[in-house]
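Counting along the sequence shown from 1, when you hit position 67 you're at 66 in numbering that gives the first Met the number 0, and nothing is skipped either side. Reviewing the structure listed below.
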Amino acid sequence: MAYDDGNVFARIVRGEIPCNKIYENDHALSFHDIAPQAPVHALVIPKGRYVSMADFAAAASAEEQSALIRAIGETAEALGLSEPGYRVLANSGADAHQEVMHLHFHVFAGKRLGPMLAGGPMPPSSQV
Ligand code: AMP
């Protein structure tokens with residue numbers, strides 16, 4: 000899929016619309032999600048034009064990749080989450096229900112988050 004420069008995170012990176020910023024480095028930015036799904040819900044994004052995890056893994060420089068991982072850790076630290084814990088999740092593509100086509104990592108925290116997915120473990124017979 001081609002990158003769409005009109006997506007909401009591209010506009011945030013360009014400063015065209017505001018965000019509630021948490022952390023920034025040369026290649027990554029984090030901010031609070033506009034519609035939080037947990038008491039703490041942050042988003043960590045690369046500043047570069049990457050649609051998805053597949054795109055980023057294939058095309059981002061080593062510097063961009065390390066900056067994004069560092070931004071996740073620094074964001075959690077800035078929010079005081081390292082000790083109580085947090086969940087990092089990236090929806091990539093249609094099956095994962097990715098809505099904004101600019102790679103982003105969600106950081107959820109602030110309560111016991113429960114099982115990784117709503118339905119819990121799959122029965123062994125249905126695993127691929
Ligand atoms: P996903 O479904 O993984 O693509 O997640 C997209 C996320 O972006 C959702 O949690 C939205 O609430 C969030 N979001 C959309 N627009 C904004 C915005 N302007 N500022 C912050 N978060 C946003």
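Heads up, the beta-carbon is just placed ideally off N, CA and C, and yes, glycines get one too. All of these numbers come straight from a predicted model, not from anything done at the bench.
Residues lining the ligand AMP by the Cβ criterion, that is a Cβ closer than 5 Å to any of its heavy atoms, are Val7, Asp32, Ile33, Ala34, Asn90, Gln97, Glu98 and Val99 in chain order.
The bridge partners DSSP lists for Glu82 come to none. Non-local beta-carbon contacts of Ser91 in its own chain, meaning distances under 7 Å to residues more than five positions away in sequence, involve Ser51, Met52, Ala53 and Gln97 in chain order.
Linking Gly5 to Gln36 through their CA atoms gives a straight-line distance of about 25 Å. As computed with DSSP, Phe30 is found in a beta bridge with Lys20 and Leu42.
One thing to note: Val99 has its Cβ no nearer than 8 Å to the Cβ of Ile71. Distance from the CA atom of Met0 to the CA atom of Ala27, rounded to whole angstroms, is 21 Å. Scanning its chain for C-beta atoms nearer than 7 Å, with the 5 sequence neighbours on each side dropped, one finds no residue around Glu23.
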